[in-house]
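Asks: Residue numbers (the numbering used here), protein chains in the order written: chain Y, 1 to 328; chain P, 329 to 492. Glycine residues also receive a C-beta, built at the ideal position from the N, C-alpha and C atoms.
1) Of all the CB atoms in chain Y, is at least one closer than 8 angstroms to the CB of residue 480 of chain P?
2) Going by DSSP, which residues form a beta bridge with residue 402 of chain P?
3) For a quick check, are the C-beta atoms of residue 169 of chain Y and residue 205 of chain Y less than 8 angstroms apart?
4) Helix, strand or coil for residue 484 of chain P, going by three-state DSSP, please let me know.
5) Buried or exposed for residue 86 of chain Y, going by 16 or more other Cβ atoms inside 10 Å?
6) So is residue 319 of chain Y in contact with chain P if we call contact Cβ pairs under 8 angstroms?
7) Considering only DSSP beta bridges, list what residue 327 of chain Y is partnered with.
8) Taking Cβ-Cβ distances shorter than 8 angstroms, what residues in chain P pair up with residue 224 of chain Y?
9) Please report the straight-line C-alpha distance between residue 213 of chain Y and residue 192 of chain Y, rounded to a whole angstrom.
10) What separation, rounded to the nearest whole angstrom, lies between the Cα atoms of residue 356 of chain P and residue 226 of chain Y?
11) May I have the straight-line CA-CA distance separating residue 40 of chain Y from residue 32 of chain Y, to the nearest angstrom?
12) Would you kindly report the start and end of the unbroken beta strand (DSSP E) that includes residue 165 of chain Y?
13) Quick one: grab the DSSP three-state call for residue 274 of chain Y.
14) Could you name the residues of chain P that residue 94 of chain Y contacts, counting a contact when the two beta carbons are closer than 9 angstroms?
15) What does the Cβ neighbour count give for residue 310 of chain Y, buried or exposed, with the cut at 16 atoms within 10 Å?
16) Do you know how far the Cα of residue 220 of chain Y is from the Cα of residue 16 of chain Y?
17) Could you please tell me which residues of the stretch 75-91 of chain Y, in chain order, have their CB closer than 7 angstroms to any CB of chain P?
18) Output the distance between the C-alpha atoms of residue 406 of chain P and residue 412 of chain P, rounded to the nearest integer angstrom.
19) Under the three-state reduction of DSSP, which class applies to residue 115 of chain Y: helix, strand or coil?
20) Would residue 275 of chain Y pass as an interface residue toward chain P - the criterion being a Cβ-Cβ separation below 8 angstroms?
21) Determine the chain P residues that contact residue 23 of chain Y at a beta-carbon separation under 7 angstroms, and present them in chain order.
22) Using the Cα positions of residue 171 of chain Y and residue 152 of chain Y, report the straight-line distance between them to the nearest angstrom.
23) Where does residue 391 of chain P land, buried or exposed, given buried means 16+ other C-beta within 10 angstroms?
This is how it looks when you write it as structure tokens:
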């Protein structure tokens, strides 16, 4: 195909991601997939399209870039839009350029706060109040967290702002501020700690860096950036369910921290792109995400998983890959 | 069903450029002769004799990839006067109809002898009479259509060869 190969690659990556994301959203609704693990799995499939399928198709089937394939087999040949002049160039180039610019912007919005020069260091750890240590020990010993790989280190900071999150991959730490302790009652604190421990048990801090690496590879793809953010939201929801705590207390804690954060602002910028921190929504998540989480927490029982989940996922993956084959 | 709907939407999106451009799906556009030669992986046959009244490069280049592969070059006249349409295949085979504007043939006369042996016709396109010369050369099908003179068409046809 005449023209830069990377332009074609970017165009196909964006289109494949877009089609996959829309199809996944439709399937989530049609299948009524409400269990967070199901939603995470399906969204990962969607992210897998531009991350895995598109490069494989490029490498293994170069004939797809030829015009004969476009004429005979392709359902959509994006290069056809080169025939439409637009703004002094072609509609194809304008669309690819705009998508890439949007992708880069979305990526940088989350990357820049993580850069070493921008990231604020944690305040030194202070001696933790006995009630906090007792609460953490109680939660860690509870059923859901009994088999955690290792207990996290508690990093208590004397700071007035509300902060409650976990950090670290090799040495996971649970950061709690004086402000968070003052804000939450005992039940709410236990629920919040259980939520954070659920994140650690699922290795969400490590997964968040994996997600960030994927976003780095797809820095030009705005759909992939949005899907990766949706993964983060689903991970929060998964931790809510996996905490197996007082759901009302957790919802209450979430709301309190969110509102306090809106008033005061979080003392620390997010140190992980996917950080399992109840105080994170204060700056990043939109209020309605918090509202949605609270609504789910107020439902009496956790949602059921999809029937025949592996088969559904396999069929979805194969179908999306097949469709991507015919979209160039 | 979700993927069927997705496929349908993608197909509709694929059809938009053809619909906006008023061209059949398989007809593409190129900006330069070099570009269309790269896309078709073949050198075009161009007339060495080119009347001064005609402007080069072509104002419109359309092509079809499917076998045998063909190109239609629309050349405008400088100022007033009739332009020219040159259509050719790049491999053995008939000229695809999608590249030829609709025209009604009034009469035809075979031409024999020399490299431009073929058929000379009078056709009516958009209500105007034009001369059309069609011939075979080196396994390719070529066609010239113009409101210019027969002599001009014949001289161009006789001088057509692949550019080095």
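Replies: Taking the definition as stated:
1) Stepping through the second chain from its first residue, residue 480 of chain P is reached at position 152. No, no contact with chain Y.
2) Within the second chain, numbered from 1, the residue matching residue 402 of chain P stands at position 74. In the DSSP secondary-structure assignment, residue 402 of chain P is bridged to P:388, P:413.
3) Position 169 of the first chain, counting from 1, holds the residue named residue 169 of chain Y. Position 205 of the first chain, counting from 1, holds the residue named residue 205 of chain Y. Inclusion of residue 169 of chain Y and residue 205 of chain Y in the CB contact set at 8 angstroms is warranted, their separation being smaller than that value.
4) Position 156 of the second chain holds residue 484 of chain P. When secondary structure is reduced to three states using DSSP, residue 484 of chain P falls in the helix class.
5) Residue numbering aside, residue 86 of chain Y sits at position 86 when the first chain is read from its first letter. Around the Cβ of residue 86 of chain Y, a 10 Å sphere holds fewer than 16 other Cβ atoms; the residue is exposed.
6) Walking along the first chain from the start, residue 319 of chain Y turns up at place 319. For residue 319 of chain Y, the answer is yes, since a Cβ of chain P falls inside 8 angstroms of its Cβ.
7) To locate residue 327 of chain Y, count along the first chain from 1; it is residue 327. Under DSSP, residue 327 of chain Y forms a beta bridge with Y:76.
8) Position 224 of the first chain, counted from the start, is the residue given in the question as residue 224 of chain Y. What residue 224 of chain Y touches in chain P, judged by beta-carbon distance under 8 angstroms, is nothing: the nearest beta carbon there is about 18 angstroms away.
9) Within the first chain, the letter at position 213 stands for residue 213 of chain Y. Within the first chain, the letter at position 192 stands for residue 192 of chain Y. Rounded to whole angstroms, residue 213 of chain Y and residue 192 of chain Y show a C-alpha spacing of 28 angstroms.
10) The residue given as residue 356 of chain P occupies position 28 in the second chain. The residue given as residue 226 of chain Y occupies position 226 in the first chain. One C-alpha to the other measures close to 34 angstroms.
11) By 1-based counting over the first chain, the position of residue 40 of chain Y is 40. By 1-based counting over the first chain, the position of residue 32 of chain Y is 32. Distance between the alpha carbons of residue 40 of chain Y and residue 32 of chain Y: 14 angstroms.
12) Your numbering for residue 165 of chain Y matches position 165 in the first chain. Annotation: the continuous beta strand (DSSP E) that includes residue 165 of chain Y extends over 164-167.
13) Translated into the one-based positions of the first chain, residue 274 of chain Y becomes position 274. Summary for residue 274 of chain Y: the model assigns pLDDT 46, below 50, so the residue's position carries little reliability; its value from the coordinates is reported in the next sentence. Correct three-state label for residue 274 of chain Y: coil.
14) Within the first chain, the letter at position 94 stands for residue 94 of chain Y. Residues of chain P passing the Cβ test: none, with the nearest at roughly 13 angstroms.
15) Translated into positions along the first chain, residue 310 of chain Y becomes position 310. When all chains shown are included, residue 310 of chain Y counts as exposed.
16) To locate residue 16 of chain Y, count along the first chain from 1; it is residue 16. To locate residue 220 of chain Y, count along the first chain from 1; it is residue 220. Whole-angstrom Cα-Cα distance: 13 angstroms.
17) Here the close residues are 75, 76, 77, 80, 81, 83, 84.
18) Taking the first residue of the second chain as position 1, residue 406 of chain P is located at position 78. Taking the first residue of the second chain as position 1, residue 412 of chain P is located at position 84. Computed Cα separation, rounded: 11 angstroms.
19) Translated into positions along the first chain, residue 115 of chain Y becomes position 115. For residue 115 of chain Y, the secondary structure class from DSSP, reduced to helix, strand or coil, is coil.
20) Position 275 of the first chain, counted from the first residue, corresponds to residue 275 of chain Y. For residue 275 of chain Y, the predicted structure reports a pLDDT of 44, less than 50, and the residue's modelled location is therefore unreliable. The matter cannot be settled from this model.
21) Within the first chain, the letter at position 23 stands for residue 23 of chain Y. Correct list: 330, 331, 334.
22) Walking along the first chain from the start, residue 171 of chain Y turns up at place 171. Walking along the first chain from the start, residue 152 of chain Y turns up at place 152. Their backbone Cα atoms lie some 8 angstroms apart in a straight line.
23) Here residue 391 of chain P is taken as the residue at index 63 of the second chain, counted from 1. It is buried - the Cβ of residue 391 of chain P has at least 16 other Cβ atoms within 10 Å.
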